[in-house]
Amino acid sequence: MGLGCTREQERVEAALGGLNEAVPAFVPDQDVKSAGVLFALPALLLNGLLKYANNYLSFPKGYYGLQSFLLLLSFAALLRIKSLEAIRYCEAGELGKAIGLDRIPEIRTLRKKVKYITNHGEPEQWSKELSKYWMEEDPNWPGSFTWTAMYGYIAEARHRYRSGMYRGKAMFKGFNRLLGK
17 MGLGCTREQE RVEAALGGLN EAVPAFVPDQ DVKSAGVLFA LPALLLNGLL KYANNYLSFP
77 KGYYGLQSFL LLLSFAALLR IKSLEAIRYC EAGELGKAIG LDRIPEIRTL RKKVKYITNH
137 GEPEQWSKEL SKYWMEEDPN WPGSFTWTAM YGYIAEARHR YRSGMYRGKA MFKGFNRLLG
197 K
């Protein structure tokens, strides 16, 4: 399992099919790189990150569940990680602590999860439901960039998987202007 895995029992249960998902557990730690994104966690949850996810997004059983997956995509957008492929260059243990697990999944697992969500879930309906929720909460503010970027990860990957031409290029060429790069 490697040195970074500290939740061995849950990983074994997930491998044997006895665990739906590992529940994120945030523990006190020091010097965690990129942990500043945790300041955005309350805002993400208040804006409905997990509100309708179980209704519209299906996810396979395993160690990494829907909750962890959405946190990872949100934090990746906040950290200005330009593509799903670029997540491979992040320190797995450090970002894993930020999402409440021992490490993040490797890129191959992330690709499989994105493919599963796009083929078995309804990300467009989820996005519409969140937009409706935001507009009802505050009609003057139509959502935030984080949601647009996170939805962009899923939508772009969906297009690439369905068209059969997956490329490792940056998914957010047009968003660099918004990010100030």
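Last residue of the sequence shown: 197 (this note's numbering), numbering continuous.
Heads up, the beta-carbon is just placed ideally off N, CA and C, and yes, glycines get one too.
In the three-state reduction of the DSSP assignment, residue 141 falls in the helix class.
Counting of Cβ neighbours within 10 angstroms places residue 80 among the buried residues, the total reaching 16 or more. Taking all protein chains in view, the Cβ of residue 59 is surrounded by fewer than 16 other Cβ atoms within 10 Å, so the residue is classified as exposed. For the 8 angstroms CB-CB criterion, residue 117 and residue 86 do not form a contact. Linking residue 143 to residue 131 through their CA atoms gives a straight-line distance of about 17 angstroms. A straight-line Cα-Cα distance of about 31 angstroms links residue 50 and residue 135.
Each of 55, 145, 113 and 36 was checked against the Cα of residue 69, and the nearest Cα belongs to 145. For residue 123, the enclosing alpha helix (DSSP H) starts and ends at 123–136.
Shortest Cα-Cα distance from residue 74 to any of 153, 114, 140 and 30 involves 140. In the structure shown, the three-state DSSP call for residue 36 is coil.
Only residues of its own chain outside the window of five on either side were considered, and among them 20, 108, 109 and 112 have a CB closer than 6 angstroms to the CB of residue 119, listed in chain order.
The beta carbon of residue 29 lies closer than 6 angstroms to those of 35 in the same chain, with the five residues before and after it left out. In the same chain as residue 76, and ignoring 5 residues on each side of it, the C-beta atoms closer than 7 angstroms to its own belong to 132, in chain order.
Sequence-distant partners of residue 128 (beyond 5 residues in either direction) whose C-beta falls short of 6 angstroms from its own C-beta are missing from its chain. Boundaries of the alpha helix (DSSP H) harbouring residue 72: 69–72, taken from the DSSP string. Between residue 152 and residue 40, the alpha-carbon positions lie close to 30 angstroms from each other. Excluding the 5 residues flanking it on each side, residue 23 has same chain C-beta neighbours closer than 6 angstroms at 118, in chain order. Following the DSSP letters along the chain, one finds residue 62 inside the alpha helix (DSSP H) bounded by residues 57–62.
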